[in-house]
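Report on one structure; see the data block that follows.
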Amino acid sequence: MLAQTSTAVTPFLGADVAADYAAAQVVILPIPYEATTTYRRGCETGPDAILAASQQVEYYDEELDWETGLDVGIYTHPAIADTRSGAVTSEEMLQVTRETVFKLVRDGKFVISLGGEHSITTGIVEAYRQAYPDESFTVVQIDAHGDLRHEYEGSIHNHACVMRRIVDMKLPTVQIGIRAICKEEADLIKEKNLTVFRAREIAAQPNWIENAIAAIPTEKVFLTIDLDGIDPTLIPGVGTPEPGGLNWYALTTFLCGVFDKHQVIGCDVMELAPVTDSVVSEFTAAKLVYKLIGYHAKGRGASTR
5 MLAQTSTAVT
15 PFLGADVAAD
25 YAAAQVVILP
35 IPYEATTTYR
45 RGCETGPDAI
55 LAASQQVEYY
65 DEELDWETGL
75 DVGIYTHPAI
85 ADTRSGAVTS
95 EEMLQVTRET
105 VFKLVRDGKF
115 VISLGGEHSI
125 TTGIVEAYRQ
135 AYPDESFTVV
145 QIDAHGDLRH
155 EYEGSIHNHA
165 CVMRRIVDMK
175 LPTVQIGIRA
185 ICKEEADLIK
195 EKNLTVFRAR
205 EIAAQPNWIE
215 NAIAAIPTEK
225 VFLTIDLDGI
235 DPTLIPGVGT
245 PEPGGLNWYA
255 LTTFLCGVFD
265 KHQVIGCDVM
275 ELAPVTDSVV
285 SEFTAAKLVY
295 KLIGYHAKGR
305 GASTR
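Following this line, the structure appears as structure tokens:
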């Protein structure tokens, strides 16, 4: 297994909120891996940007009426598979990701992984399959892109192939906000009868949130969020922005509903590529991570102040 690439990390929300590992309910796992980006580079700097921006997020969540971070122990793990420190192969990245996430889940932690490119999610999902060998779970993907190509630019572990790898694992999937696919992906969606809520359909369907949640076939859910699934006017700092996408309140209402009605076993937030001289993308991403922590704690019945 690859050694952890950093022992110094900015704690999510700051040192005043940080919990030690033993006491933490939530673990933030930075994975600053970038190897197959096909347009705008920079997602290997995404995890650090989110952690830095989180220092400016208010502890009090006005939706939940709760200073979530003061009651929910949050531990920020050292970064793994860090391509800023040198080349990391896809096989090495998948191995260290799978082994690290499996250990965290085995220790009873709720893991939110921060990418890095979306190919990382293959290793994360493999860890959950190992942790839940006798029970299926649904991978709910928020994304602009289908990510269903068999291979791209010579690699089956390209970021454009991550959901194809998950389909190959025979796990159910629900894709939200999709608005850019190739013909190969369109054909696969038809062949496999995959559940896809396209952005243009969402815009015309007032009940899409209820319909999407009802389409999740299992109790357990893993959430993978590519930030380009959100409207790029809200998060321009992504590698391949696509017009359209979810607005903030549609996103958070959907996520809150998933946590309310299903057991979310883990999450990732991927593909932040910060924009020079702007902090809006990383701050919005940090706020999103805090929302995930709050919805998870609320769903577990944690008491609020």
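Everything in the sequence shown is counted per this note's numbering, starting at 5 for the first residue and increasing by one. Think of the CB as a built atom: it goes at the ideal place given N, C-alpha and C, for glycine as much as any other residue.
Query                                                                                                                 : Result
Same chain only: Cβ atoms within 7 Å of R202, ignoring 5 sequence neighbours per side                                 : I182, R183
Of the listed residues D191, S140, A190, nearest to I170 (C-alpha basis)                                              : S140
Proximity of V92 and V105 at Cβ, strictly below 7 Å                                                                   : no
E66 classed as buried or exposed, judged by whether at least 16 other C-beta atoms fall within 10 angstroms           : exposed
Distance cut-off 6 Å: S282 Cβ against heavy atoms of the ligand ZN                                                    : Judged by which ligands are present, the structure shown has none, so any question about the ligand ZN falls away.
The segment 142–150 touching the segment 215–232, judged by at least three CB pairs closer than 8 Å                   : yes
For P210, three-class secondary structure by DSSP                                                                     : coil
Between the CA atoms of I35 and Q99 - distance to the nearest angstrom                                                : 12 Å
Contact under 7 Å by Cβ, Y64 with L74                                                                                 : no
Distance CB(L259)-CB(Y299) smaller than 7 Å                                                                           : yes
Residue environment, G158, which counts as buried when at least 16 other CB atoms sit within 10 Å                     : exposed
Buried versus exposed, by CB contacts within 10 Å (16 or more), N162                                                  : buried
Opposing strand residues paired with D65 [DSSP bridges]                                                               : W70
Pair within 7 Å by beta-carbon distance, E38 and E121                                                                 : yes
Local Cβ density within 10 Å of Y294, reported as buried at 16 or more and exposed below that                         : buried
Residues of its chain near E223, where Cβ-Cβ distance is below 7 Å and the 5 sequence neighbours each way are ignored : H266, Q267
Closest Cα partner of A135 within the set L118, R153, H154, K113                                                      : K113
V143 versus G270 - alpha carbon distance                                                                              : 10 Å
CA nearest to the CA of T126, picked from V279, K302, A289, D272                                                      : D272
Rounded Cβ spacing between A131 and R102 (contact assumed at less than 8 Å)                                           : 5 Å
Assigned exposure category for P245 - 16 Cβ within 10 Å defines buried                                                : buried
Which listed residue (T41, V13, G50) has its alpha carbon closest to that of E280                                     : Checking the sequence, you will find Thr at residue 280 rather than Glu. The option with the nearest alpha carbon to T280 is G50.
Own chain, CB closer than 7 Å to A290, minus 5 neighbours either side, in chain order                                 : I54, A57, S58, V61
D69 to T177 span [Cα, whole Å]                                                                                        : 32 Å
Distance CB(P240)-CB(S285) smaller than 7 Å                                                                           : yes
Of the residues T288, V225, I220, the one placed nearest Y253, counting alpha carbons only                            : T288
Residues that DSSP places opposite C271 in a beta bridge                                                              : I116, L227
For Q179, the residue or residues it bridges with in DSSP                                                             : Q145, V200
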